[in-house]
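Asks: Take this structure first; my questions come after.
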Amino acid sequence: MQIRSLHIQGLRAHVDSHLAFSPGVNLIHGPNGAGKTNILEAVHYACLGKSFLASSDRYALTRGADRMQIDMEVDTERRSTEKVRLIYVPGEGKRVFVNGALLDRLVDVVGRFPVVVLAPSDHRLTEDGPDERRRFLDAMLCQASPAYLNALIAYRRVLKQRNELLSRRQHMRGEMMASYDDALVQHGSRLIARRARFVREFGEHLERAYQLMAESSEEPSIEYRGLSHLEDEPAVANVYRERLVARFDDACARGVTLTGPHRDDLIFRLDDMLVRRYASQGQHRTFVMGLKLAQYFYLEERLGERPLLLLDDVFDTLDPDRMATIARLLSGDAVGQSLVTSARADVFSEVLQFDGTRAAALAVKRYSSTESAETDETVP
């Protein structure tokens, strides 16, 4: 999939910006605060209906604006052109239109326009607690499978209701608790089985990512640590129900549900070394980059569509050799269209040819964006 055009109105620094992109690498450069990251944010809004930045939609509005609108036109692998429009109005919420038709639910856009983003905050994947890794896992599987997305929404709703009942100490084994347990097992077993299958499938993509990044002989691996490693939903359901019964008294005492996919984790290793505990900073950065590249390959395989690849200020922490390796990977055949932000353009001139075909440079100024992709003369 490739972006043909992007029109941003009312998103942070972008009052009214029109952009076009190369089918390959697109370097978006300019001073801090000019709105480079917000271009990636706009693409993410159009693809998934939300920002990848940790702020509410209201704070994403340009100061003084009463609405935000993002229009994106893309060419898909099926040689069709699709148009997606996201509109956000405070007090009214967000709406998404695809080819002029309003989607029934905001989440129905998820998976139609696959996207992978690598941002500075992603260091939390390997350094922080299980919440970050579950979010990574769920976000990927929601794009890959509408059934998983619907099961996750239903599970979270039932989990919240069950926890409210437990917190009020109204947790006798009555009909209401039994109905919550039935629903929790139904939706939770689907999540667990799909996650277990995903981890088995994802390993080969992670290995491929490391090979493409020309890393050392270290072997990356990923392990699912959860209620069950079974991939058969009925078998998982039996295990889950038994565990709910076994932990019921503890759940009553603490006022929360103590077992289920909301407690799962992913374990990352290099050879037999736990990445979170023993890896160097360089190994952490490389592993995160490998995860995101593997996510790209996984979604491409599952959806039959090349995702958009968004890289936000990831080159600033790389040494010249590593930067050259990643730049060559982006400009090769392994991935499709990518959008890369950086405060500087000159550092890329030795590894990328900005001719407007496989690589282009776009200079961003505050409240406007000017395309500078026709020649490499824009990059010192």
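Heads up, the working numbering is the position in the sequence shown plus 97, with the first residue counted as 1. Note that CB positions come from ideal geometry on N, CA and C, so glycine has one too.
#1: What would DSSP say about Phe412, mapped onto helix, strand or coil?
#2: Counting only the same chain and skipping the five closest in sequence on each side, list residues whose C-beta sits under 8 Å from that of Val372.
#3: Check whether the Cβ atoms of Thr173 and Glu402 lie closer than 8 Å to each other.
#4: Measuring alpha carbon to alpha carbon, tell me which of Arg182, Ala457, Gly285 and Glu304 ends up nearest Ser325.
#5: Measuring only the C-alpha atoms, how far is Pro211 from Ala306?
#6: Note down, in chain order, each residue of its chain lying with its Cβ closer than 8 Å to the Cβ of Val353, except the 5 sequence neighbours on either side.
#7: Quick one: Cα of Ser148 to Cα of Gly132, how far?
#8: Residues in its own chain within less than 8 Å of Arg294 by CB, not counting five upstream and five downstream?
#9: Rounding to the nearest angstrom, what Cα-Cα distance links Arg192 and Asp279 in this structure?
#10: According to DSSP, is Lys191 helix, strand or coil?
#11: Determine the extent of the beta strand (DSSP E) in which His326 is found, giving its start and end residues.
#12: Looking at C-alpha atoms only, which residue of Val214, Ile184 and Tyr277 is the closest neighbour of Gly197?
#13: What is the C-beta distance between Gly387 and Pro317, in whole angstroms, given that I count them as a contact (C-beta under 8 Å)?
#14: For Val140 versus Leu405, is the C-beta distance shorter than 8 Å?
#15: For Val122, which of helix, strand or coil comes out of DSSP?
#16: Measure from the alpha carbon of Ile319 to the alpha carbon of each residue in Arg254, Asp362, Ala117 and Tyr375, then state which is nearest.
#17: When we look at the beta-carbon of Gln434 and count the other beta-carbons within 10 Å, is it buried (16 or more) or exposed?
#18: Here's a check: name, in chain order, each residue in its chain whose Cβ is nearer than 6 Å to the Cβ of His115, leaving out the five neighbours to either side.
#19: Count the other CB atoms, across all protein chains shown, that sit within 10 Å of the CB of Arg346; report buried if there are 16 or more and exposed otherwise.
#20: According to DSSP, is Arg230 part of a helix, a strand, or is it coil?
#21: What span of residues does the beta strand (DSSP E) with Phe365 cover, start to end?
#22: Roughly how many whole angstroms lie between the Cα atoms of Leu309 and Glu315?
#23: Is it buried or exposed, Glu138, if we count other Cβ atoms within 10 angstroms and call 16 or more buried?
#24: Please classify Pro358 as buried or exposed, where buried requires at least 16 neighbouring CB atoms within 10 angstroms.
#25: Contact between the region 214 to 230 and the region 244 to 256: three or more CB pairs below 8 Å?
#26: Once DSSP output is grouped into helix, strand and coil, what is the label at Leu355?
#27: Let me know the alpha helix (DSSP H) ranges lying completely inside the region 265 to 319, each 4 residues or longer, listed in chain order.
#28: I need the straight-line Cα distance from Val336 to Leu249, nearest angstrom please.
#29: Could I get the ranges of all uninterrupted alpha helix (DSSP H) runs contained in the region 416 to 452, with 4 residues as the minimum, in chain order?
#30: How many angstroms separate the CA atom of Ala440 from the CA atom of Gly323?
#31: Tell me the rounded alpha-carbon separation between Asp228 and Asp443.
#32: Note down the Cα distance separating Ser242 from Phe394, rounded to an integer number of angstroms.
#33: By DSSP's criteria, Glu179 is part of a beta bridge. Which residues make up the other side?
#34: Please report the Cβ distance between Val122 and Ser377, rounded to the nearest whole angstrom; I am assuming they are in contact, meaning their Cβ atoms lie under 8 Å.
#35: Which first and last residues belong to the beta strand (DSSP E) in which Asp154 is found?
#36: Taking 6 Å as the limit between beta carbons, can you name the residues of its chain near Gly102, skipping five residues before and five after?
Replies: Let's see:
#1: Residue state, collapsed to three classes: helix.
#2: Excluding positions up to five away in sequence, the list reads Thr223, Phe365, Arg366, Gln380, His381 and Phe384.
#3: Between Thr173 and Glu402, the C-beta gap is smaller than 8 Å, which places the two residues in contact.
#4: The shortest Cα separation from Ser325 among Arg182, Ala457, Gly285 and Glu304 belongs to Gly285.
#5: Cα to Cα, Pro211 sits roughly 18 Å from Ala306.
#6: Result list for Val353: Asn260, Leu263 and Ser264, in chain order.
#7: For Ser148 and Gly132, the gap between their C-alpha atoms comes out near 14 Å.
#8: Setting aside the 5 residues that flank it on each side, Arg294 is surrounded in the same chain by Glu328, each with a C-beta closer than 8 Å to its C-beta; the list follows chain order.
#9: When rounded, the separation of the alpha-carbon atoms in Arg192 and Asp279 is 33 Å.
#10: The three-state reading of DSSP puts Lys191 in strand, counting E and B together.
#11: In the DSSP assignment, His326 falls outside any beta strand (DSSP E) and carries neither an H nor an E.
#12: When only C-alpha atoms are compared, the closest one is Ile184.
#13: Yes, they are in contact, since the Cβ atoms of Gly387 and Pro317 sit about 6 Å apart, within 8 Å.
#14: A contact, by the Cβ cut-off of 8 Å.
#15: In the structure shown, Val122 sits in a strand (DSSP, three-state: E or B).
#16: Check the Cα spacing between Ile319 and each of Arg254, Asp362, Ala117 and Tyr375: the tightest is with Asp362.
#17: With 16 or more other Cβ atoms from the protein chains shown falling within 10 Å of its own Cβ, Gln434 counts as buried.
#18: The answer, listed in chain order, is His104.
#19: Note that residue 346 is Asp in the sequence shown, not Arg. Exposed, because fewer than 16 other Cβ atoms sit within 10 Å of the Cβ of Asp346.
#20: DSSP places Arg230 in helix when its eight states are reduced to three.
#21: In the DSSP assignment, Phe365 falls within the beta strand (DSSP E) that extends over Asp362 to Leu367.
#22: Whole-angstrom Cα-Cα distance: 13 Å.
#23: Buried, because 16 or more other Cβ atoms sit within 10 Å of the Cβ of Glu138.
#24: By the neighbour-count definition (other C-beta atoms within 10 Å, threshold 16), Pro358 is a buried residue.
#25: Below 8 Å, too few C-beta pairs join the region 214 to 230 and the region 244 to 256 to call them touching: fewer than three.
#26: Coil, per DSSP.
#27: 272 to 309, all fully within the region 265 to 319.
#28: Taking the straight line from one Cα to the other gives about 19 Å.
#29: Counting whole runs of 4 or more residues, the region 416 to 452 contains the alpha helix (DSSP H) stretches 417 to 428.
#30: Distance between the alpha carbons of Ala440 and Gly323: 41 Å.
#31: Rounded to whole angstroms, the separation of the alpha carbons of Asp443 and Asp228 is 38 Å.
#32: Near 15 Å, if we compare the C-alpha coordinates of Phe394 and Ser242.
#33: Its beta-bridge partners are Val171.
#34: Contact between Val122 and Ser377 is ruled out by a C-beta separation of about 28 Å, above the 8 Å threshold.
#35: Unbroken run through Asp154 is the alpha helix (DSSP H), Asp154 to Ala157; no beta strand (DSSP E).
#36: Residue identity differs from the one stated: residue 102 is Ser in this sequence, not Gly. Counting only Cβ-Cβ distances below 6 Å, and skipping sequence neighbours, we find Ala117 and Glu170.
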